[in-house]
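Numbering (our numbering), first residue to last: 12 to 136. In this text, a Cβ means the ideal position worked out from N, Cα and C, and glycines have one as well. In what follows, a single structure is set out as structure tokens and then discussed.
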Amino acid sequence: MRTTIFRIGSLAGLSILLIAAACSGPKEPSAPTEAEIHADEKQRLAWHPYRCDDGGTVFVEFADDGLRINVGPAPGKKKAVSLTAPAAGLQYVGEQSTATLKGSRLILAGSEVGGSRSCERANTF
């Protein structure tokens, strides 16, 4: 008799736990980073404009699954600087420059990228 009551109690408790878990719903996925957005575009590389706080514009091309960016004054020009990151979400580094992506903001530093400046992804819609 005790075993039967224990089993019924255990099943009731398990049922309540399963119902509660089902009602909690799926978690909202976090917004992808700029690098993650462009990491999927392996076949289709494009230059993205960023407007900087100094009034200038730089263009960024994402490559190698988001682990490399090319930063230049205009799309496809030879003056583009290539910066790499060891893993997604980390700072991009070149010989004399760095770039950090934080959402739609690009923070540049170093002589190869025109000095220290902060840039915002230009709305291209």
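Report task. Return helix, strand or coil for Gly121, following the three-state DSSP convention. Result -> Reduced to three states, the DSSP call for Gly121 is strand.
Checklist entry - Mapping DSSP to helix, strand and coil, what is Gly77? => result helix
With 16 other CB atoms within 10 Å as the buried threshold, where does Ser122 fall?
-> exposed
- Task: Could you tell me whether any Cβ in chain D is nearer than 8 angstroms to the Cβ of Lys113?
- Result: Of the chains in the structure shown, none is chain D; there is only one protein chain.
*Confirm, please, whether the CB-CB distance from Arg116 to Glu106 is below 8 angstroms.*
no
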